[in-house]
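Counting with full-length UniProt numbering, you get residues 1 to 398 for the letters of the sequence shown.
Glycine included, every Cβ here is placed at the ideal spot set by N, Cα and C.
Beneath this line is the structure, given in C-alpha cells, with notes to follow.
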Amino acid sequence: MGRQRRRDRPRTRDEAAPGSPGVGTVSAGSQGRRARLATPSLSRKTTVIVVVGGSGFVGCNLADSFLRDGEEVIVLDNLSRAGVERNLEWLVDTYRGAVHPVLADVREFTAIEPVFKDAKAVFHLAAQTAVTTSLQQPIDDFETNARGTLNVLEAARMAGCRAPVIFASSNKVYGALAHLQLNEIGARHLPTDRALRNQGVSEAQPLDFCTPYGCSKGVADQYVLDYARSFGLPTAVLRMSCIYGPRQFGTEDQGWVAHFLIRALAGESISIYGDGKQVRDILHVRDAVAAYRALLNSIDRLSGRPFNLGGGPENAVSISQVLSEIELLVGRPLSTEKHDWRAGDQLFFVADTRALADAVGWKARTPWRAGLRDLHDWLLEDWGGVRSARDQTKRITA
C-alpha cells in the first residue's frame with residue numbers, strides 16, 4: 001500500500017489509507033512488508049487476546065508479554081503511524097503463527113466487528129495521540145478516539161463472550177490543572193500543597209476535558225466506564241501519564257522522552273515548549289504492561305473503575321532534568337530551542353497511583369534513570385529502524 005508524498009493532513013495512528021483492507025485482507029495493490037504481515041484467513045480454535053492498536057508502542061509491548069506466555073494474540077491496527085510496521089514485523093518474526101495481524105480501522109465498525117468473536121480479553125490502545133494534531137484536525141481526532149472507542153465497546157458487547165475491555169485513557173482528562181498553586185523550585189514546578197507534592201493527583205480530581213484531544217479521550221474514558229454500568233461488560237480504565245521505553249518511535253508531538261533521545265543521538269536540536277520546568281511522572285513500558293495485566297487478572301472485582309497509571313512521585317522529573325540525563329548518556333551537550341507554551345500543557349502532573357497499588361499490588365519498579373538508559377541502549381541497537389521511521393514521518397507530513 002503506497003504512501004502519498006503529499007496529503008491534506010497527517011494520518012492518525014489508526015487511520016487507514018484510502019482503500020485500506022478490512023479484517024485479515026490486503027488490497028490488490030499491496031506488496032512488500034505490509035502484504036506479508038497481513039493475515040488473509042483467521043482460523044482459530046482457541047480464545048485469543050485482542051490488542052487494538054497492537055502495533056503501537058505500548059500495544060506491541062503488551063502483545064509481546066502475552067505471546068511470551070504462550071497466548072494467541074490478535075493485533076488490530078492499520079499501520080498508519082511511522083514505525084509501527086516495524087513493531088508488527090518484529091512480533092510476526094518472533095512468534096510466527098501465534099500472532100494474528102488484522103489490518104482495519106477502529107472507525108469502521110463492520111471492519112472490526114468479526115475480530116472480537118473469540119476474544120477472552122480486549123486491550124484498547126488505538127488512538128490519535130497528539131494534542132497538537134487534535135487542534136488541527138478536531139473532527140478526525142473525535143472520530144478516532146471517541147467513535148473508535150464506542151465501536152470497540154459495541155463490537156465486544158455484541159460478540160456475546162463478555163470479554164473484559166481495558167482502555168488506555170490519558171491524564172489529559174483532568175485538564176490543564178491551572179488552579180494548582182505551584183512554586184518554582186530549582187528546575188521544577190512543584191505544588192505548594194505538601195500532600196499533592198508527595199502523592200500526586202488522584203482519581204478524585206474532577207474531570208476537566210481540555211483541548212479536543214482531552215475531550216475525545218474523556219468521552220471515550222466515560223463510555224468505557226458506562227458500558228460496565230449499562231451493559232454489565234467488564235471494563236476498566238487506565239489514565240496514563242508519560243510512558244516510555246523500547247519500541248517507541250517518539251515525535252515532537254507525542255512520545256517526548258524517546259523523541260528527545262532520538263534527536264540527541266542524531267545530533268539534532270531539541271525544541272522545548274515553555275520553560276522546561278514542567279513536571280511529569282514518567283513510567284517505563286515494562287511497568288505499564290505489568291499494570292495492564294494485573295488489572296485484567298482482577299477485572300471481576302474492579303470492573304467499572306478508573307485508575308491512574310504513571311511513575312508516581314518517585315519518577316517525577318522536569319523536562320530539564322531529563323535533558324540533563326540525556327546529555328550524560330550521549331556524552332555531549334545538547335542543542336535546544338525555546339518556544340512558546342502549548343495549549344493545555346500542564347505545568348505539573350504526577351499520578352497518584354495508590355488506588356491501583358492497593359487494588360492489584362502493582363508498583364513502578366523501574367527508576368527513571370535506569371529506564372532512560374534502557375531506552376537509549378535499544379535505540380542504539382535498532383538505529384536503522386529508528387532512522388527509517390523518522391524518514392517515513394517526514395514523507396507523510398511533507
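Exposure of A195, with buried meaning 16 or more beta-carbon neighbours within 10 Å: Around the Cβ of A195, a 10 Å sphere holds fewer than 16 other Cβ atoms; the residue is exposed.
With 16 other Cβ atoms within 10 Å as the buried cut-off, status of R107: Counting Cβ neighbours within 10 Å, R107 comes out buried, since at least 16 surround it.
Beta carbon of A264 nearer than 7 Å to that of L334: Contact: yes.
Residues near D382 by beta carbon distance below 7 Å, same chain, minus five either side: Counting only Cβ-Cβ distances below 7 Å, and skipping sequence neighbours, we find nothing.
Simplified DSSP assignment, three categories, for E184: E184 falls in the strand class under three-state DSSP.
First through last residue of the beta strand (DSSP E) which encompasses S271: Note, S271: beta strand (DSSP E), I270 to Y273.
Cα-Cα separation, L309 to E71: When the Cα atoms are used, L309 and E71 turn out to be separated by approximately 25 Å.
Any alpha helix (DSSP H) of 4 or more consecutive residues that is wholly inside the stretch 197-252: For the stretch 197-252, the continuous alpha helix (DSSP H) assignments of 4+ residues that do not extend past its boundaries occur at 211-231, in sequence order.
Residues near G361 in its chain [Cβ-Cβ closer than 8 Å; skip 5 each side]: Counting only residues of its own chain and dropping the five nearest sequence neighbours on each side, G361 has a CB closer than 8 Å to the CB of A294.
Cut-off 6 Å between Cβ atoms - residues of its own chain near N145, not counting five sequence neighbours on either side: Around N145: A127, Q128, S216, K217 and A220.
Cross-strand partners of T336 (DSSP beta bridge): Bridge partners of T336: I270.
V106, DSSP secondary structure in three states: Coil at V106, not helix or strand.
Pairwise C-alpha distance: I243 and V285: The alpha-carbon atoms of V285 and I243 are separated by roughly 6 Å.
Contained beta strand (DSSP E) runs [length at least 3] in the stretch 61-85, N- to C-terminal order: Listed in chain order, the beta strand (DSSP E) elements of length 3 or more contained wholly in the stretch 61-85 are 73-77.
Alpha-carbon to alpha-carbon, L177 and L62: For L62 and L177, the gap between their C-alpha atoms comes out near 30 Å.
Identity of the residues DSSP links to V279 by a beta bridge: According to DSSP, which records beta bridges pairwise, V279 is partnered with S318 and F348.
Alpha-carbon to alpha-carbon, G245 and E143: Taking the CA atoms as reference points, E143 sits about 28 Å from G245.
Three-pair Cβ contact test at 8 Å for the stretch 227-237 versus the stretch 249-257: The stretch 227-237 is not in contact with the stretch 249-257.
Cβ-Cβ separation, A228 to G304 (assumed contact under 8 Å), whole Å: Going by Cβ atoms, the distance from G304 to A228 rounds to 3 Å, so yes, they are a contact pair.
Burial state of V26, where buried means 16 or more other Cβ atoms lie within 10 Å: At V26, the pLDDT of 32 sits below 50, so the modelled position is not reliable and the matter cannot be decided from this model.
Closest Cα partner of V52 within the set A121, A82, R68 and A370: Closest option to V52, judged by alpha-carbon separation, among A121, A82, R68 and A370: A121.
Beta strand (DSSP E) runs contained entirely in the stretch 118-172, provided each spans 3 or more residues: Qualifying beta strand (DSSP E) stretches, in chain order: 119-124 and 165-170.
E327 versus Q254: straight-line alpha-carbon distance, rounded: Approximately 21 Å between the Cα atoms of the pair.
Inter-residue Cα distance where the pair is H189 and A98: Going from the Cα of H189 to the Cα of A98 covers about 47 Å.
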